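Working notes, beginning with the structure itself.
Written out as structure tokens, the structure is:
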């Protein structure tokens, strides 16, 4: 049976992170720890960030691997990390929500589309930052489908 794309194990609330690299390693580490990706995928997430920022605006970043990292993905999955105090992604871009993505095959396109729908509502962004339980985060993402 396939793993859930987003489970409580993939969510960390109220984390304090010092910089962009630490934030990406933390977000990717959740995907590694829960068996969605090989450890080397995290390096590909950092490589992607050097190519182009995964900062999306509205205090959100969506770190993910480079195109050639697909063979490092075991299962499609998401990690969600809230950083209420924010972490600097450079150029005064402060991130309070990190969503790590690992997409098997073309799954990442559908996953990105669902994330975009959730995050297009600014009130959802605030709900995610303010969430006091992992269940709340899952509910916000499930309401899209």
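Numbering (UniProt numbering), first residue to last: 1 to 145. Cβ atoms here follow ideal geometry from the backbone N, Cα and C, with glycine treated the same way. Values in this document were obtained by computation on a predicted structure and should not be read as measured data.
| Item | Value |
| --- | --- |
| If you reduce the DSSP assignment to three classes, tell me which class residue 33 lands in. | helix |
| Determine contact between the region 54 to 74 and the region 98 to 113, defined as no fewer than three beta-carbon pairs at a distance below 8 Å. | yes |
| For the candidate residues 130, 42 and 100, whose alpha-carbon lies nearest to that of residue 55? | 100 |
| Suppose you measure from the CA of residue 27 to the CA of residue 64; what does that come to, to the nearest Å? | 9 Å |
| Can you tell me whether residue 131 is helix, strand or coil according to DSSP? | coil |
| Count the other C-beta atoms from every protein chain shown that fall within 10 angstroms of the C-beta of residue 133, then say buried if there are 16 or more, exposed otherwise. | exposed |
| Just confirm the distance between the C-beta atoms of residue 118 and residue 140, as a whole number of angstroms; I'd bet it's less than 8 Å. | 6 Å |
| Rounded to whole angstroms, what's the CA-CA distance from residue 6 to residue 83? Just pull it up for me. | 18 Å |
| Given that a residue counts as buried once 16 or more other Cβ atoms are within 10 Å of its Cβ, and exposed if not, what is residue 90? | exposed |
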